[in-house]
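Peer 1:
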Amino acid sequence: MGIESLSNNNGENMEKKLDPRVESLAIPLARDYAEKNYPKMEDGTFQPAWRGVNGEKSLKNKSPEDLMAEGYSELAAHKSVIDIANESYANYSDYWKEQNRGGAEYLIGLMDERGADSLLGLNLDDKETRNEYGSLIHENWISRNEWVKDPNYGDPKLACSFSELSPEEQQKDIDQLGVLQKWISEQK
Numbered sequence: 386m387g388i389e390s391l392s393n394n395n396g397e398n399m400e401k402k403l404d405p406r407v408e409s410l411a412i413p414l415a416r417d418y419a420e421k422n423y424p425k426m427e428d429g430t431f432q433p434a435w436r437g438v439n440g441e442k443s444l445k446n447k448s449p450e451d452l453m454a455e456g457y458s459e460l461a462a463h464k465s466v467i468d469i470a471n472e473s474y475a476n477y478s479d480y481w482k483e484q485n486r487g488g489a490e491y492l493i494g495l496m497d498e499r500g501a502d503s504l505l506g507l508n509l510d511d512k513e514t515r516n517e518y519g520s521l522i523h524e525n526w527i528s529r530n531e532w533v534k535d536p537n538y539g540d541p542k543l544a545c546s547f548s549e550l551s552p553e554e555q556q557k558d559i560d561q562l563g564v565l566q567k568w569i570s571e572q573k
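The working numbering numbers the first residue of the sequence shown as 386 and each following residue consecutively.
1. Quick check on this structure: which residue in Asp451, Ile559, Lys573 and Glu441 has the alpha carbon closest to the alpha carbon of Pro524?
2. Ordered along the chain, which non-local residues of its own chain (more than five positions away) have a Cβ less than 7 Å from that of Leu452?
3. Does DSSP put Ile467 in a helix, in a strand, or in coil?
4. Which runs of the alpha helix (DSSP H) fall wholly inside the region 509 to 567 and span at least 4 residues, in chain order?
5. Exposed or buried, which one is Pro449 when buried takes at least 16 other CB atoms within 10 Å?
6. By DSSP's criteria, Gly488 is part of a beta bridge. Which residues make up the other side?
7. What is the DSSP secondary structure of Gly494, reduced to helix, strand or coil?
8. So Asn422 is in the alpha helix (DSSP H); what residue range does that whole segment cover?
9. How about Ala489 and Ile569: do their beta carbons lie closer than 8 Å?
10. Please state whether the Cβ-Cβ distance between Ala411 and Ile469 is less than 8 Å.
11. Out of Asn446, Phe431 and Gly429, which has the shortest C-alpha to C-alpha gap to Gly437?
12. Tell me whether Tyr538 is buried or exposed, calling it buried when 16 or more other Cβ atoms sit within 10 Å of its Cβ.
13. Could you check whether the region 532 to 552 touches the region 467 to 487, counting it as contact only if at least three pairs of C-beta atoms, one from each stretch, sit closer than 8 Å?
14. Return the CA-CA distance between Gln556 and Ile527, expressed in angstroms with no decimal places.
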């Protein structure tokens, strides 16, 4: 298992063992999200999805060129944003890796709790299954993304229950289960 350095409340570093399954699942989660949520262009790449390397909302959809036009140096501009649609997971910033790991960690925990075969057998077209598992996944996402509730820069369309999400947003949560099912199949 890998080691991740964490700080406790006293500012002391603690080490947390990373389950290698988490990283193994985080990679296809990131790729699946890009493939399903960003249009593919003629050259085979996806429409860029620029984000702040540390999740800064003010940098969303700003390319390095946009930042340079705002006065950033070329180096600062390129270090400030990442194209999460086209960048390989290996080159993601720690923030974006952690976002994907958070979802993967939850799904691995769900698999450990409910059993791989049980999850593998789920019918993702069944409304009851979608509501049950979609709610669990969405609640976990909200718990890791408290910003969504902020009245100034949050997103009320996402800061709600799974059943209140648009069908497109519900599908993003369900897609994670599909990735998990494929991942489980590949592990057997």
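Using N, Cα and C, we set each Cβ at its ideal position, and we do this for glycine too.
Peer 2: Based on what the coordinates show:
1. First, the residue type needs correcting, since residue 524 is Glu and not Pro in the sequence shown. Here the closest residue by C-alpha is Ile559.
2. Excluding positions up to five away in sequence, the list reads Ala462, Ser465 and Val466.
3. DSSP places Ile467 in strand when its eight states are reduced to three.
4. Complete alpha helix (DSSP H) runs here, min 4: 512 to 529.
5. In this structure Pro449 is buried. Its beta-carbon is surrounded by 16 or more other beta-carbon atoms within 10 angstroms.
6. By DSSP's assignment, Gly488 forms no beta bridge with any residue.
7. Note: Gly494 maps to helix in three-state DSSP.
8. Pro405 to Asn422 is the span of the alpha helix (DSSP H), which, as asked, contains Asn422.
9. In this structure, Ala489 lies away from Ile569, with their beta-carbon atoms at least 8 Å apart.
10. When the beta-carbon positions are compared, Ala411 and Ile469 stay at least 8 Å from each other.
11. Selected option, being the one with the closest Cα: Asn446.
12. That one is exposed.
13. Not touching, per the Cβ criterion.
14. Computed Cα separation, rounded: 16 Å.
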